[in-house]
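In what follows, a structure is listed as structure tokens, so that the remarks can point back to it.
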Amino acid sequence: MKIDILSLFPEMFEGFLNTSIIKRAIDSSLVEVCVHDFREFSLNKHKKVDDYPYGGGQGMVLMCQPIIDCLKTLTTKDSLVILMSPQGEVLQQSYSQKLSLEKHLIIICGHYEGFDERIRDYVDIEISIGDYILTGGELASMVVCDSIIRLLEGAIRESSHEDDSFSQGLLEYPQYTRPYEYDGTTVPDILISGHHENIRKWRLQQSLKKTLRKRPDLIKNRQMTDEELKMIKEIEKND
Ligand SMILES: C[S@@+](CC[C@H](N)C(=O)[O-])C[C@H]1O[C@@H](n2cnc3c(N)ncnc32)[C@H](O)[C@@H]1O
Numbered sequence: 111m112k113i114d115i116l117s118l119f120p121e122m123f124e125g126f127l128n129t130s131i132i133k134r135a136i137d138s139s140l141v142e143v144c145v146h147d148f149r150e151f152s153l154n155k156h157k158k159v160d161d162y163p164y165g166g167g168q169g170m171v172l173m174c175q176p177i178i179d180c181l182k183t184l185t186t187k188d189s190l191v192i193l194m195s196p197q198g199e200v201l202q203q204s205y206s207q208k209l210s211l212e213k214h215l216i217i218i219c220g221h222y223e224g225f226d227e228r229i230r231d232y233v234d235i236e237i238s239i240g241d242y243i244l245t246g247g248e249l250a251s252m253v254v255c256d257s258i259i260r261l262l263e264g265a266i267r268e269s270s271h272e273d274d275s276f277s278q279g280l281l282e283y284p285q286y287t288r289p290y291e292y293d294g295t296t297v298p299d300i301l302i303s304g305h306h307e308n309i310r311k312w313r314l315q316q317s318l319k320k321t322l323r324k325r326p327d328l329i330k331n332r333q334m335t336d337e338e339l340k341m342i343k344e345i346e347k348n349d
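Residue numbering for the sequence shown follows our numbering, starting at 111 and increasing by one per position.
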């Protein structure tokens, strides 16, 4: 996969691209990430990229020319152009899974008050990372990239994200590691029983329990198996 990011602040990506799983995925050529400063494409002699909004109002608006000229040098028939925007579809795990199958993503990060509306004509999709406003699209684009890159085959062991919260539509079951006892609390005995089927059942039941308590909306929209329905009845009976 190739990811091109258009940003006025490429330095913000240094830590992100040079740390942990993302760095390893880049080093092992699972993904190539390039950050492009679209200010360099400005035809203005002062390299201006923004201007006052027509009709008046607060803040500065990013102009079409530098962004679109930069975009044109990168776009191919395989490109999916993404605009980071609080007005976009809110990112979900299932959306990241879909995006992780793309060959080439181009992500445009806004800043200041936003974009000239005509930039949207050059974009395939808009993505939001939630209903709040950030100063720019850089952090949001890193969230999108991070959630996609960790899903690329070989980035992490596949079994580690199969059980992640949202991957199967539920929150993840409780996890424990050594020591067996910490501050008077011990690990549930079932996890050291070595009985794989009982552990699977316990984890599914715990996932359902957590999801019911913390995210009942996920349960409401879920196509339940018979086993899950039985477990939910049991959980509700005991609560
Ligand atoms: C200050 S925001 C502009 C918000 C714009 N005035 C509005 O109300 O829609 C600047 C830029 O940050 C990015 N941004 C801010 N919040 C975001 C969010 N929740 N998700 C994705 N991108 C966001 C977008 O690229 C946006 O153009």
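Cβ coordinates follow ideal geometry from the N, Cα and C atoms, glycine included. What you are looking at is a predicted structure, and each value in this text was computed from that prediction instead of being measured.
**Prompt:** Who does His214 pair with in a DSSP beta bridge?
**Reply:** Lys112, Ser189
**Prompt:** Hey, how far is the Cα of His221 from the Cα of Tyr205?
**Reply:** Straight-line Cα distance between these residues: approximately 24 angstroms.
**Asked** Looking only at DSSP bridge pairs, what is Glu236 linked to?
**Response** Leu193
**C-beta atoms of Leu116 and Cys255 nearer than 8 angstroms** = No, they are not a contact pair.
**Message:** Can you tell me whether Cys219 is helix, strand or coil according to DSSP?
**Reply:** coil
**Message:** By alpha-carbon positions, which one of Lys340, Gly240, Lys324 ends up nearest to Ser275?
**Reply:** Lys324
**Prompt:** How about Tyr283 and Ser317: are their beta carbons less than 8 angstroms apart?
**Reply:** yes
**Request:** Specify the secondary structure class of Ser290 as computed by DSSP and reduced to three states.
**Result:** In the sequence as displayed, the identity of residue 290 is Tyr instead of Ser. The answer is coil: DSSP assigns Tyr290 none of H, G, I, E or B.
**Item:** Span of the alpha helix (DSSP H), counted from its first residue to its last, around Val254
**Value:** 247–259
**Message:** Assess contact between the stretch 185–196 and the stretch 233–247, defined as three or more Cβ pairs (one per stretch) separated by less than 8 angstroms. Is contact present?
**Reply:** Judged by Cβ distances under 8 angstroms, the stretch 185–196 makes contact with the stretch 233–247, as three or more pairs qualify.
**Prompt:** When every heavy atom of ligand 1 is checked, does at least one fall within less than 7 angstroms of the C-beta of Glu199?
**Reply:** Flag unset: Cβ of Glu199 not near ligand 1.
**Item:** Option nearest Lys133 by Cα separation, candidates Arg260, Thr295, Arg267
**Value:** Arg260
**Message:** Using the three-state DSSP reduction, which class does Asp327 fall into: helix, strand or coil?
**Reply:** helix
**Message:** Going by the DSSP bridge assignment, what does Phe225 pair with across the sheet?
**Reply:** Leu172
**Request:** Please determine if the stretch 262–281 and the stretch 124–139 are in contact, where contact requires at least 3 C-beta pairs separated by less than 8 angstroms.
**Result:** yes
**Request:** Please list, in chain order, all residues of the same chain as Tyr290 whose beta carbon is under 7 angstroms from its beta carbon, the five residues on each side excluded.
**Result:** Thr296, Val297
**Asked** What distance in whole Å lies between the Cβ atoms of Val159 and Leu118, which are believed to be in contact at a cut-off of 8 angstroms?
**Response** 7 angstroms
**Asked** So Asp179 and Val171 are in contact, right, with Cβ under 8 angstroms, and what is the actual spacing, rounded?
**Response** Contact flag wrong, Cβ pair sits at about 17 angstroms.
**Message:** Contact defined as beta carbons within less than 8 angstroms: I believe Glu227 pairs with Pro163. What is the distance between those atoms, to the nearest angstrom?
**Reply:** 10 angstroms between Cβ atoms; not a contact.
**Spatial distance of Gly246 from Ile300 (CA atoms)** = 47 angstroms
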